[in-house]
Each structure stands twice: as structure tokens, then as C-alpha cells.
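Working notes, beginning with the structure itself.
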Amino acid sequence: MNYEWLSSQSWTVRDNTAIDGLLDMGDTLTLEPNTLAGPPEFFEVFYTGKYPFWNGTFFYPVGVNAPKITLHFNWDDSQPPGNQAAGVYNDYKAVANALRSHANDPQIARLLGYVQVEGHFAIVNLFCFQKAQPNGNRWFAIDSQWSYASTRQDGTAHGDPP
Amino acid sequence: MSKPWFCKRRWQIRDNSGLDDFFDIGDTFKLVPNTTSGKPSFFWIRFKTKDPEKSKLWEDRYFYHVGVKSPKTSLKHAWNDSKDPVSQANGVKPDFDREGLHLQSISDNPKTGKLEGHILFEKHWAIIRIFCFSRAQLDKKAWFSINSSYQVPAFKQDGTAHGDPP
Chain V
71 MNYEWLSSQS
81 WTVRDNTAID
91 GLLDMGDTLT
101 LEPNTLAGPP
111 EFFEVFYTGK
121 YPFWNGTFFY
131 PVGVNAPKIT
141 LHFNWDDSQP
151 PGNQAAGVYN
161 DYKAVANALR
171 SHANDPQIAR
181 LLGYVQVEGH
191 FAIVNLFCFQ
201 KAQPNGNRWF
211 AIDSQWSYAS
221 TRQDGTAHGD
231 PP
Chain S
10 MSKPWFCKRR
20 WQIRDNSGLD
30 DFFDIGDTFK
40 LVPNTTSGKP
50 SFFWIRFKTK
60 DPEKSKLWED
70 RYFYHVGVKS
80 PKTSLKHAWN
90 DSKDPVSQAN
100 GVKPDFDREG
110 LHLQSISDNP
120 KTGKLEGHIL
130 FEKHWAIIRI
140 FCFSRAQLDK
150 KAWFSINSSY
160 QVPAFKQDGT
170 AHGDPP
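Protein chains in written order, with our numbering: chain V, 71 to 232; chain S, 10 to 175.
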């Protein structure tokens, strides 16, 4: 997997449904690679927003097969999730759920990291896509698994560049 | 590429202090690469434990080789595999404990080379790191250290265990 394009990219959260204890709408994450000479071994997260526990966390590129997605609509960044045009929210939710279903497959390429929330670790999988939206915008989905048999802070948020 | 050296052997737990909910002394595991052609992208862990509940923790779990620099070890003794941890000769257990703690102290550093995975324990995730070393002991035997970060700020199942080949 080539993750060099991700270097120093910033991402803004556009929908934080289900993991609102981890990310807020409008929060941004920037992924700084450990090296610019060749493929990065890891990325450090620089975060702006409500939850400072993201700062200083690291994500490793892992897995082999990049997941493929098809988004049929553009996300309107000026509108909250509940005000998107008909079909948009469901389109993004369906793709995010499909990615979540792959998150425990070691073959699936993603960025893998951990954050500490309320004394325990959330396993965080980050899926980033170039030109994913019909308008050519990038898009990311961020998936958290925090507690088994609970849906608290378990779910997927997503967004795109600022 | 032939499979990594640490996949060619089974590893045995010699001291499970601090991690006795995960495995027992004498339990063994093997790291199985996902492929034998080319560089493996992850390793399945195949644990053999006597306790079926502990065995479940490790079912279908996998580890990624992450980090940049492999840590170095400086063990000054050889572990006597015929004795339990507290019956080791003077200085041996503290030597191995110190090395395990040192590895735990650097395991959060993303540059530190290690095998990293996670297992589910009592509804939450433990982050597991494994460090394997060839010829690490005074008698040139291989050695591994396995550590867990589970809960902050409590220390339940946070600690280091270690062992070597059977």
C-alpha cells in the first residue's frame, strides 16, 4: 500500500454519530508521517478540537488489500448530517458500515491506532480515500471499537478535508 | 523470502507474573505468517493453553510487525527452564524483570520495532506487544518478552511476561 499521499493531510469530521465521545463535528486530524523519504512507518496525529487525547497518538499502516468504496453523492460540508440532501446521509452510512465490517480483518489495509478513553483503549481504524466523492473530494471513515457488548463509543465517524 | 526466524519455533511462557489471566507458565504459542511467499504482512498467534477460557482470548488474533528499530537486550543470566520463577538462581529473575520492564517502557514508542496486536479481555481491549530476540540469554538461547497495556490508571493485566523456546 502506498500511503505517501496521506502525508500531512488534514481531515475534518463531518459526522460524528455514535462516537461523539471521541470526536466532535468540525474537529480536525492531521497525519504527520515519520519520514518523507520513502513510505512512512507510522503517522503522528495532530488534532484540533474537543478531545486532546488524540494528540500524540500514532497510527500504523497495516494490512494488504485496500477496501474499495463507491459513494454516489457529495457530502455538503456546509450542512450538518441531518440536513444533507435526500439519500446522502444513508449513502455515507452504508459505506461506513461496510468499512466497519472489515475493520477486524487483518488483510484489510488501513491505519491502525489506539486512544485511551475513560481508562480503556479504543481500537481505531482509519480508512482514507482519494477522489472518493463524485466531485473528486477525498473522504475518510474512522472506526472505533471500545467495549465489547456495548455500543458506547463503538461506531464510525467520517469526514473530508477542511 | 523465507519466513522470519521467530516463526520457526514455538515459544513457551516461563514467567507470567502480572499477566496470569492471559496464560499460564508452560503455555506455548507460535507465530504463523499470513503468507510464505514474500514478506508477511501479519502473523497469526496460535496459543496452546491448558485453560480453555484463556485459550479463547487468543483465538483468531493477529499481530503486525510495526516500528522502525529493534530494541537491544542485555540479559546477564540464563533462565533455568526446569525451575519456576521464584526458584531461579540469585539475580536471575530481577535481571529478566528489569529487561521486561525496560521493553514495556519503550513499547509505546512508535519507532520501537515489535509485534503488536490486541485481545479482548473482560469487554475491553488489551494492547499486546511481543519482542523476540535470538541468542539473548547468556547461554545463547532465544528469549521473548510479551507485555500488555489494558487499563489506565489501574494495573489489572498490565505487565510483562516472558519465556523462551521449549
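Glycine is no exception: its CB is placed at the ideal position from the N, C-alpha and C atoms.
Just checking my contact of residue i with residue j at CB under 8 Å: how many whole Å lie between their CB atoms?
i	j	result
residue 92 of chain V	residue 211 of chain V	The Cβ separation is near 13 Å, so there is no contact.
residue 1 of chain S	residue 140 of chain S	No answer is possible for residue 1 of chain S: it lies beyond the span of chain S, which begins at 10 and ends at 175.
residue 82 of chain V	residue 206 of chain V	Incorrect: roughly 17 Å between the Cβ atoms, too far for contact.
residue 146 of chain S	residue 84 of chain S	5 Å
residue 132 of chain S	residue 217 of chain V	5 Å
residue 18 of chain S	residue 151 of chain S	7 Å
Counting C-beta neighbours from all protein chains within 10 Å, is the total for residue i 16 or more, i.e. buried, or is it exposed?
i	result
residue 123 of chain V	exposed
residue 177 of chain S	Because chain S in this structure spans residues 10 to 175, residue 177 of chain S falls outside the shown range and cannot be described.
residue 89 of chain S	exposed
residue 36 of chain V	Residue 36 of chain V cannot be examined here, being either before or after the span of chain V that is shown, 71 to 232.
residue 25 of chain S	buried
residue 116 of chain S	buried
residue 170 of chain V	buried
residue 154 of chain S	buried
residue 202 of chain V	buried
residue 157 of chain S	buried
residue 75 of chain S	buried
residue 138 of chain S	buried
residue 200 of chain V	exposed
residue 75 of chain V	exposed
residue 188 of chain V	exposed
Among the residues of its own chain, which have a CB less than 6 Å from the CB of residue i, if the five just before and after it don't count?
i	result
residue 42 of chain S	12, 16, 49, 52
residue 158 of chain V	143
residue 103 of chain S	none
residue 34 of chain S	22, 25
residue 77 of chain V	103
residue 173 of chain V	195, 213
residue 98 of chain S	none
residue 204 of chain V	144
residue 134 of chain S	127
residue 151 of chain V	85, 159
Taking 7 Å as the limit between beta carbons, can you name the residues of its chain near residue i, skipping five residues before and five after?
i	result
residue 77 of chain S	120, 122
residue 10 of chain S	Below a pLDDT of 50, predicted positions are generally treated as unreliable, and residue 10 of chain S, at 48, falls in that range; the measurement from the model is reported next regardless. Closer than 7 Å at Cβ, skipping near neighbours: 47, 48.
residue 86 of chain V	93, 94, 95, 227
residue 96 of chain S	none
residue 73 of chain V	109, 110, 131
residue 14 of chain S	143
residue 197 of chain V	137, 169, 180, 210, 211
residue 9 of chain S	Residue coverage of chain S in this structure runs from 10 to 175, which leaves residue 9 of chain S outside it and unanswerable.
For the ligand SAM, is there a heavy atom less than 7 Å away from the beta-carbon of residue i?
i	result
residue 107 of chain V	Looking for the ligand SAM in the displayed structure turns up nothing, as the structure carries no ligands at all.
Leaving out five residues on either side along the sequence, give the residues of the same chain with a beta carbon under 8 Å from the beta carbon of residue i.
i	result
residue 98 of chain V	80, 81, 82, 83, 117, 118, 119, 232
residue 156 of chain V	none
residue 128 of chain V	112, 113, 114, 115, 183
residue 125 of chain V	115, 116, 117
residue 233 of chain V	This structure cannot settle anything about residue 233 of chain V, because the visible part of chain V is limited to 71 through 232.
Give a yes or no on whether the minimum CB-CB distance between residue i and chain A is below 8 Å.
i	result
residue 214 of chain V	Of the chains in the structure shown, none is chain A; the protein chains are V and S.
Worksheet item: Does the pairing of the segment 117 to 133 of chain S with the segment 62 to 75 of chain S give three or more beta-carbon distances under 8 Å?
Response: The segment 117 to 133 of chain S is in contact with the segment 62 to 75 of chain S.
Worksheet item: Would the segment 180 to 187 of chain V and the segment 51 to 58 of chain S be scored as touching if the rule is three or more Cβ pairs under 8 Å?
Response: In short, these stretches do not touch, since the Cβ pair count stays below three.
Practice prompt. Quick one: which residues of the segment 136 to 157 of chain S get their C-beta closer than 8 Å to a C-beta of chain V? List them in chain order.
Written response: 136
Worksheet item: Looking at chain V, which residues of the segment 32 to 51 of chain S have a Cβ within less than 8 Å of any of its Cβ atoms?
Response: Within the segment 32 to 51 of chain S, the qualifying residues are 43, 50, 51.
Fill in: Contact residues within the segment 75 to 102 of chain S, judged by C-beta distance below 8 Å to chain V
75, 76, 77
Worksheet item: Does the count of Cβ pairs from the segment 111 to 129 of chain V and the segment 142 to 156 of chain V closer than 8 Å reach three?
Response: The segment 111 to 129 of chain V vs the segment 142 to 156 of chain V: no contact.
Discussion item. Against chain V, which members of the segment 102 to 118 of chain S pass a CB distance test of less than 8 Å?
Written reply: Result list empty, no residue passes.
Fill in: Proximal residues, the segment 175 to 202 of chain V versus chain S, C-beta separation under 8 Å
176, 177, 182, 184, 186, 189, 190, 191, 192, 193
Worksheet item: What residues in the segment 105 to 130 of chain V have a beta carbon less than 8 Å from any beta carbon of chain S?
Response: 111, 112, 114, 128, 130
Discussion item. Beta carbons nearer than 7 Å to chain V: which residues of the segment 13 to 24 of chain S have them?
Written reply: none
Worksheet item: Going along the chain, which residues of the segment 131 to 151 of chain V sit with their C-beta nearer than 8 Å to a C-beta in chain S?
Response: 132, 133, 134
Worksheet entry | Residues, ordered as in the chain, of the segment 54 to 69 of chain S that lie near chain V by beta-carbon distance below 8 Å | none
Worksheet item: Taking a cut of 8 Å between CB atoms, which residues from the segment 125 to 136 of chain S lie near chain V?
Response: Residues passing the 8 Å Cβ filter: 125, 127, 129, 132, 133, 134, 135, 136.
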